[in-house]
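Input: a single structure, listed below in structure tokens.
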Amino acid sequence: AQTVTQSQPEMSVQEAETVTLSCTYDTSENNYYLFWYKQPPSRQMILVIRQEAYKQQNATENRFSVNFQKAAKSFSLKISDSQLGDTAMYFCAFITPNAGKSTFGDGTTLTVKP
Amino acid sequence: DTAVSQTPKYLVTQMGNDKSIKCEQNLGHDTMYWYKQDSKKFLKIMFSYNNKELIINETVPNRFSPKSPDKAHLNLHINSLELGDSAVYFCASSQVGNRGGASSTDTQYFGPGTRLTVL
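From first to last, the protein sequence lines are chains A and B. Following the working numbering, the numbering of the first sequence begins with 3 at its first residue and continues without gaps. Following the working numbering, the numbering of the second sequence begins with 9 at its first residue and continues without gaps.
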């Protein structure tokens, strides 16, 4: 069975600064995807970034980037130039291809302070 | 042009009732899912379903059943509602694919959620 661990239940960062959210996972699968989703107070689940396990290059999406360490089973999210709108709960997710297995971490609540 | 939609957005009902939540996706995806998010915000998958296979999380009570009239819809039926069923339920969809496929394959897109309150 897969497990996804987000060890930081809550974090805060000053506006314009950089913050890193941690995520580790455990699996025996070799082919899988990792995601970060954002859930603002509106409760909509919004895709932030996606990483294919077979790709060595870390994914980036504007201010969001990941540090994917496959051997260490680590998948952290870095948010640069934090904005007030980044305040949300962030979920790390592990998904196997072909709708196989889907596991979400318990979430990290990020507060961006003005 | 909503991609994944759910109705109703809020549902308040008495214990013991039977209720349904509807989900529709217009993305042309072939797989749909239901998730439960409890009061602590923990998100757990309940079902994944395509026209070939229903995968059920073994922890889900059999009072919950997904029903798919067609590829674009996956409704969630709940019988004999209990207090502990109170939660936000999310529908999601994805297009399954093989390794090396399009960058969007196997990415799950979520509906807005349905907050269910059982009194």
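Beta carbons are placed, not taken as given, at the ideal position from N, Cα and C, and that holds for glycine.
Within 8 Å, strictly: CB atoms of residue i and residue j
{"i": "B/I29", "j": "B/N83", "result": "yes"}
{"i": "B/D114", "j": "A/I97", "result": "yes"}
{"i": "B/V126", "j": "B/Q45", "result": "no"}
{"i": "A/V21", "j": "A/S76", "result": "no"}
{"i": "B/P74", "j": "B/Y57", "result": "yes"}
{"i": "B/L91", "j": "B/M40", "result": "no"}
{"i": "B/S47", "j": "B/G119", "result": "no"}
Between the CA atoms of residue j and residue i - distance to the nearest angstrom
{"i": "B/Y18", "j": "A/A55", "result": "37 Å"}
{"i": "B/T15", "j": "B/G121", "result": "9 Å"}
{"i": "B/L89", "j": "A/P11", "result": "31 Å"}
{"i": "A/T5", "j": "A/T105", "result": "7 Å"}
{"i": "B/K116", "j": "A/N64", "result": "Checking the sequence, you will find Gln at residue 116 of chain B rather than Lys. For B/Q116 and A/N64, the distance between alpha carbons rounds to 20 Å."}
{"i": "A/Q41", "j": "B/F98", "result": "12 Å"}
{"i": "B/G108", "j": "A/N33", "result": "In this predicted model, B/G108 has a pLDDT of only 47, less than 50, meaning its place in the structure is not dependable enough to derive any value."}
{"i": "B/N59", "j": "B/A80", "result": "11 Å"}
{"i": "A/R52", "j": "A/A61", "result": "7 Å"}
{"i": "B/L51", "j": "A/D108", "result": "7 Å"}
{"i": "A/L23", "j": "B/S76", "result": "37 Å"}
{"i": "B/D38", "j": "B/S102", "result": "7 Å"}
{"i": "A/T26", "j": "A/C94", "result": "9 Å"}
{"i": "B/W42", "j": "A/Q8", "result": "22 Å"}
{"i": "A/T111", "j": "A/M13", "result": "6 Å"}
{"i": "A/Q58", "j": "B/E32", "result": "35 Å"}
{"i": "A/F43", "j": "A/A74", "result": "Rather than Phe, the amino acid found at residue 43 of chain A in this sequence is Pro. So the alpha carbons of these two residues sit roughly 32 Å apart."}
{"i": "B/E61", "j": "B/D78", "result": "14 Å"}
First and last residue of the uninterrupted beta strand (DSSP E) at residue i
{"i": "A/A90", "result": "A90 to I97"}
{"i": "B/Y41", "result": "T39 to Q45"}
{"i": "B/T1", "result": "Given that chain B is displayed from residue 9 to residue 127, the structure contains no residue 1 of chain B and the question cannot be resolved."}
{"i": "A/Y56", "result": "From DSSP, A/Y56 is part of no beta strand (DSSP E); its letter is neither H nor E."}
{"i": "A/T5", "result": "T5 to T7"}
{"i": "B/F55", "result": "L51 to Y57"}
{"i": "B/A83", "result": "Per the sequence shown, the amino acid found at residue 83 of chain B is Asn instead of Ala. Segment N83 to I86, the beta strand (DSSP E) holding B/N83."}
{"i": "A/C25", "result": "Segment: none, A/C25 is in no beta strand (DSSP E) and carries neither H nor E."}
{"i": "B/P74", "result": "F72 to K75"}
{"i": "B/V126", "result": "T122 to V126"}
{"i": "A/Q41", "result": "Y35 to Q41"}
{"i": "B/M89", "result": "Per the sequence presented here, residue 89 of chain B reads as Leu, with Met not at that position. Neither: B/L89 is in no beta strand (DSSP E) and is coded neither H nor E."}
Residues of its chain near residue i, where Cβ-Cβ distance is below 8 Å and the 5 sequence neighbours each way are ignored
{"i": "A/L86", "result": "E17, V114 and P116"}
{"i": "A/V50", "result": "F37, W38, Y39, K40, E63, F66, L79 and Y92"}
{"i": "B/T67", "result": "K52"}
{"i": "A/P99", "result": "N33, Y34 and Y35"}
{"i": "A/V68", "result": "L36, W38, I51, Q53, N60, A61, T62, F77, S78, L79 and K80"}
Cβ shell of residue i (< 6 Å), same chain only, five flanking positions each side left out
{"i": "A/T89", "result": "T113 and V114"}
{"i": "A/I48", "result": "K40"}
{"i": "A/K103", "result": "Q4"}
Cβ-heavy atom distance, residue i to the ligand ATP, below 7 Å
{"i": "B/T39", "result": "Looking for the ligand ATP in the displayed structure turns up nothing, as the structure carries no ligands at all."}
7 Å Cβ shell around residue i - same chain, five flanking residues per side excluded
{"i": "A/K72", "result": "A55"}
{"i": "A/E19", "result": "S84"}
{"i": "B/Y71", "result": "A small fix is needed here, since residue 71 of chain B is Arg in this sequence, not Tyr. Closer than 7 Å at Cβ, skipping near neighbours: I86, N87 and S88."}
{"i": "B/L124", "result": "L19, D93, S94, A95 and Y97"}
Going along the chain, which residues of the stretch 60-86 of chain A sit with their C-beta nearer than 8 Å to a C-beta in chain B?
Correct list: empty, as no residue qualifies.
Interface positions of the stretch 79-94 of chain B facing chain A (Cβ-Cβ less than 8 Å), listed along the chain
Those residues of the stretch 79-94 of chain B that come within reach of chain A (Cβ to Cβ, closer than 8 Å) do not exist; the list is empty.
Check distances from the C-beta atoms of the stretch 44-57 of chain B to those of chain A and list, in chain order, the residues that come in under 7 Å.
So the list reads K49, F50, L51, I53 and S56, given in the order they occur along the chain.
Using a Cβ-Cβ cutoff of 9 Å, what residues of the stretch 114-126 of chain B are near chain A? List them in chain order.
Residues passing the 9 Å Cβ filter: D114, T115, Q116, Y117, F118, G119, P120, G121 and R123.
Name the residues in the stretch 40-60 of chain A whose C-beta lies less than 7 Å from a C-beta of chain B; which are they?
Residues passing the 7 Å Cβ filter: R45, Q46, M47, L49, R52 and Y56.
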